Amino acid sequence: MEHLPSKVPFREDINGLRAWAVLAVVFYHLPFAYQLPGGFAGVDIFFVISGFLMTSIILGGNQQGQFSIVKFYMSRVRRILPALLFLVVTLLTMGWFLLTTPDYQSLSNEAAAALGFVSNIYYWDNAGYFDSSALDKWLLHSWTLSVEAQFYLLYPIFLMVVSKLTSSIKTLWTVLLLAFLASLLLNIVVVQLYPIPTFFLLPSRGWELLAGGLVYLAPKIWPALARYQDKKSLFYLAWALIIGSLFLLNEDLLWPGYWALIPVLGAALVIFVNQPRSVFTSNPVFQWLGDRSYSLYLWHWPAIVLLFFMSVEDSNQAIVTALLVSVAMAHVSYQFIETPTRRVFSGLPLKKEVSVIFSITFVLVIVAVNFANHRIDGRIAPQIDNIAFQAQNKNPFECKRIDTFNDDMPSCIYGNSDNIGAIVVGDSHSTSQVTAIARAAAKYGHGVVHYYHDSCPTLSGVMLADWLQNHPNDKCANFVKWVEAELEQYPQQIPMIIINRFSFMFGSSIEKKPAVYFESVYERNDAPGFLDEVNSAIVDTFCSFSAKRPVAVMKPTPEQHHNVAKEASRALLFYDEMGEYAISTAHHHAENSTVLKALQQSRQQCDVTLLDPIPYLCDNGVCPGIIDGLPITSDEDHFNEHGNKLLVPLFEQLFNTGTSKMYVSQG
């Protein structure tokens, strides 16, 4: 096999390990019925390989007196950017014809972040890797390139500074070990509190890259370690750790956390034992894939995202086609982009190479930013874009911020702050519906106070389940206590309106894992004990509130279980037709039977008013997701402003009496 000249000797075992890493990631992402549950650990294996190779290049070159930090940076740019530029240009070109304006603007934002090597920060700020919304993000996988680029920027400086301070390689190894342990400890501790930034950011990922550096230095400090490289037991332990991690780990674990030690240690041992003719890595297929691993990594994810955009993710034929296209594009990218550009650019004078590469990148970033911030009319049919934009048509009201429980979720006063007509409390569903209440209140000269916390049922003593990775578990219970104290400042005749997505409490409909608990922790959300505790929590909490002021509770709103705005607009764009987005009222009542029973009990025991959205949203036993030609929700269950307008007449009844007593249908 022909390989480009490098200061680091080519190793078949590492090249084959790359193939394992990329195949693990690909088969984790492919939407087969049985995915590779721990395939995401392939990323961690890549990090170890990068750390080893970068340490080899930097220290090897420095030892020979040939290392240049500028040339090092350019070698990394030369390795990463051309193939990434090719991918971005291809996606922006295809997206011009195949994406709605909101989707195209999102892609353009991602492209700018990826080319600036800050996409890990961008995705940390916008979402989580394991979220279903990840399937909307064409360049989500570029977060790993950003982590590595940030490491490449800082690591040679770090090594050069340490080398200036000491000539002892053992001291250097000790410093690297301390940095490794600090990053590992940060990862293990912080992942419990802030799992998303821990996943995406370099400080909590750096230990994985530094593990490769430690493997490079260890045999140079202790030559006697070389005799262990022939130990078959270490070789098989290494591969047991890697293969075990791919099949035994899963996305329900806090990641990376201490679990990431398994694939990291496995990859480190594979590199350490240095078996060039390994049956796991030396075969031609794995060597071929190893050469193309970077390009395959780049192309596989957009191919998978396209499956979901076209709603063919359940078709095995489409999935296999996506896999084959990914491999084909990886070969094209490697053969005609990666290899030629590395040869061409490495032969240019340094200044010319810098000017050419960065000029192209800068222009493309400017183009992407421009697309992200401007709506280009005429590219897509207006009807399709109008449907697509309903996903963004939410809560435009300006409000006056007041004391808040969580700075990320500010409490607000909408409208006339001198004449408060209602206090709205709830989760994100209250945020999506509060503007309808504010409109209704404004007709009678009232303002509305709003207290909310995302993913927090307004129930006393509610605790979040561990699997949600939201800590501390009692944050929702503390929020409810805080609201109770805040309510004391308002006259008792001002009514309280509670709006929650009650179905959140029941967690996963497939795995039946509750998202909350009260007195006891239950494994299943259909356990009689859990249902009894939910019932008691609803009745006790709402009766407690109603003892101090009038209380109205919004009954559950119909959930489509589809992001109607996105799916309908994409279906129109790809197939010129939309699906039937609707559920029956019978299905809705069956899904929410436990909550509806508890709410009815609250009404009977404590005179709690129940607000019923069904007459305003459903007709003849059917609750559509599209009304008057536009989706009524911004996602699967949160109302957008188009849907909110339908609820204004319901909320007007709260302010239409001229008294503190609420006369709303109790049904």
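Note that my numbering numbers the sequence shown so that position 86 is 101, with each residue one more than the last.
C-beta: ideal position from N, C-alpha, C; glycine also.
In this text, all values refer to a predicted model and were calculated from it rather than measured experimentally.
For N30, count the other beta carbons within 10 Å of its own beta carbon; 16 or more makes it buried, fewer makes it exposed. Which is it?
buried
For chain C, is any of its Cβ atoms less than 7 Å away from the one on N141?
Going by chain labels, chain C is absent from the structure shown, which holds only one protein chain.
7 Å Cβ cutoff met for N711 and P472:
Past the edges of the chain, shown from 16 to 682, lies residue 711, and the structure says nothing about it.
Where L291 sits in the DSSP three-state scheme
According to the sequence displayed, residue 291 carries Pro and not Leu. DSSP places P291 in coil when its eight states are reduced to three.
Measure the CB-CB distance between I33 and R357 and report whether it falls below 7 Å.
At residue 33 the sequence reads Arg, which differs from the Ile that was named. Cβ distance not < 7 Å, so R33 and R357 don't count as in contact.
Buried or exposed: P97, going by 16 or more other Cβ atoms within 10 Å of its Cβ?
buried
C-alpha distance - K415 paired with A457, whole-angstrom precision
15 Å
Does I395 come out as helix, strand or coil in the three-state DSSP assignment?
coil
Just to confirm before moving on: does the CB-CB distance between A451 and L662 stay below 7 Å?
Against a cut-off of 7 Å, the Cβ pair of L662 and A451 comes out as a contact.
Would you mind listing the alpha helix (DSSP H) stretches within the region 473 to 522 that are 4+ residues and don't spill past its ends, in chain order?
490 to 502
For V14, which residues from the same chain have a beta carbon less than 6 Å from its beta carbon, with the 5 sequence-adjacent residues on both sides left out?
Given that the chain is displayed from residue 16 to residue 682, the structure contains no residue 14 and the question cannot be resolved.
Enumerate in chain order the residues of its own chain whose CB-to-CB distance from G460 is below 7 Å, with the five nearest sequence positions on each side excluded.
N431 and N434
Same chain, Cβ closer than 7 Å to T419, neighbours up to 5 away in sequence not counted:
P425 and S426
Beta-carbon proximity list for D146, same chain, < 7 Å, skipping 5 on both sides
Low confidence applies here, because D146 scores a pLDDT of 48, under 50, leaving its location unreliable and the question unanswered by this model.
Out of L614, N578, S330 and N635, state which residue places its alpha-carbon closest to the alpha-carbon of D650.
N578
Does the beta-carbon of E526 have 16 or more other beta-carbons within 10 angstroms, so that it is buried, or is it exposed?
exposed
Sort out for me which residues DSSP pairs G441 with in a bridge.
Y467 and I514
Spatial neighbours of K563 within its chain, please: C-beta separation below 8 Å, excluding the five flanking residues on both sides.
L502 and Q507
As assigned by DSSP and simplified to three states, the class of L106:
Of the three classes helix, strand and coil, the one that applies to L106 here is helix, per DSSP.
I'd like the list of long-range same chain contacts for L216, defined as Cβ closer than 8 Å, with 5 residues on each side in sequence excluded.
N135, I136, W139 and V162
Per DSSP, which one or two residues make a beta bridge with T648?
Residue pairing for T648: DSSP places it in a beta bridge opposite F654.
Quick check: A39 and G66, are their CB atoms within less than 7 Å of each other?
no
Using the Cβ count rule (16 or more neighbours within 10 Å means buried), how would you classify I60?
buried
So, helix, strand or coil for T450, using DSSP?
helix
Would you kindly report the start and end of the unbroken beta strand (DSSP E) that includes C638?
V637 to P639
Do L280 and L51 have their C-beta atoms within less than 7 Å of each other?
no
Would you say L187 and V176 are within 7 Å of each other, going by their C-beta atoms?
no
Reference D422, options D469, Q398, R390 and G436, closest by Cα:
D469
Rounded C-alpha distance that separates Y119 from N659:
Between Y119 and N659, the alpha-carbon positions lie close to 26 Å from each other.
From H156, P291 and L269, pick the residue whose C-alpha is nearest to that of W314; which is it?
H156
Please report the straight-line C-alpha distance between K570 and L113, rounded to a whole angstrom.
39 Å
By alpha-carbon positions, which one of Y631, V371, Y243 and W35 ends up nearest to W254?
Each of Y631, V371, Y243 and W35 was checked against the Cα of W254, and the nearest Cα belongs to W35.
So, is N265 buried or exposed, given that buried needs 16 or more other C-beta atoms within 10 angstroms?
By the neighbour-count rule (16 or more Cβ atoms within 10 Å), N265 is not buried but exposed.
Return helix, strand or coil for I417, following the three-state DSSP convention.
strand
Given a threshold of 16 other Cβ atoms within 10 Å of its Cβ, counted over all protein chains shown, does Q165 qualify as buried or as exposed?
Buried, by the Cβ-count rule.
Helix, strand or coil for T624? Go by DSSP, reduced to three states.
DSSP places T624 in the strand class (E or B) of the three-state scheme.
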